[in-house]
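Take 13 as the starting number for the sequence shown in the numbering used here and just add one per residue. See structure below.
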Amino acid sequence: MHGIGNYGKQLIDLIPSLSMLLTPLYVLAGLMVLIHVFGSYLGFRGLAVPRRIGVIISIYESLFYFIMLLVLYGSPITALLIVFALIHWAGAYAYVKGYLGKYSSRTRLRMYGLYEAVELSFILIILLYL
């Protein structure tokens, strides 16, 4: 159970097989990798994800970080998980309310592409702890 926090260990003890839990987590993380590769690519080009898709993605990412906090709480990456969770919870709210579109520009989207690349690196680190 390498890298799984105390609460994650307690949760896994309730489940007969570790692989039953890990497979869905890898699928969730794999989808996050795809989202962030695509998001980085668009951002570096100064382009945005269409709003309808972006709202769905922002909600998915918020749920992803909530799940990762439950599973990996107490691991060495807990503090970063909390930071990324807070960013995504606030970002999802702002995205759903339509606040983010008001500040969109090619330059800001390129900076966002860099942020997406940093987040992609963190998601790969999360995979190492699963």
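Cβ coordinates follow ideal geometry from the N, Cα and C atoms, glycine included. Treat the numbers as computed from the prediction; the structure is a model and nothing was measured.
CA-CA distance, residue i and residue j?
i    : j    : result
L37  : I79  : 9 Å
G5   : Y127 : No answer is possible for residue 5: the residues shown for the chain start at 13 and end at 142.
F134 : L84  : 13 Å
I47  : I71  : 13 Å
T90  : L81  : 7 Å
R63  : G113 : 9 Å
L59  : L92  : 27 Å
L142 : T35  : 10 Å
L43  : L139 : 12 Å
S116 : V61  : 11 Å
R118 : A106 : 19 Å
Y124 : S74  : 17 Å
V130 : F96  : 11 Å
R120 : Y111 : 14 Å
Tell me which residues share the same chain as residue i and place their Cβ nearer than 7 Å to its Cβ, disregarding the 5 neighbours each side in the sequence.
i    : result
L132 : V45, H48, V49 and S52
P88  : none
L40  : F76 and I79
R154 : Only positions 13 to 142 of the chain appear in this structure, which leaves residue 154 out of reach.
Whose C-beta lies closer than 6 Å to the C-beta of residue i among residues of the same chain, with five residues either side of it excluded?
i    : result
I137 : none
Return the chain-ordered list of same chain residues with a C-beta closer than 8 Å to the C-beta of residue i, the five sequence neighbours on each side being excluded.
i    : result
I94  : L81
V108 : V67, S70 and I71
Open item on the list: Assess contact between the segment 93 to 108 and the segment 38 to 58, defined as three or more Cβ pairs (one per stretch) separated by less than 8 Å. Is contact present?
Closed with: no
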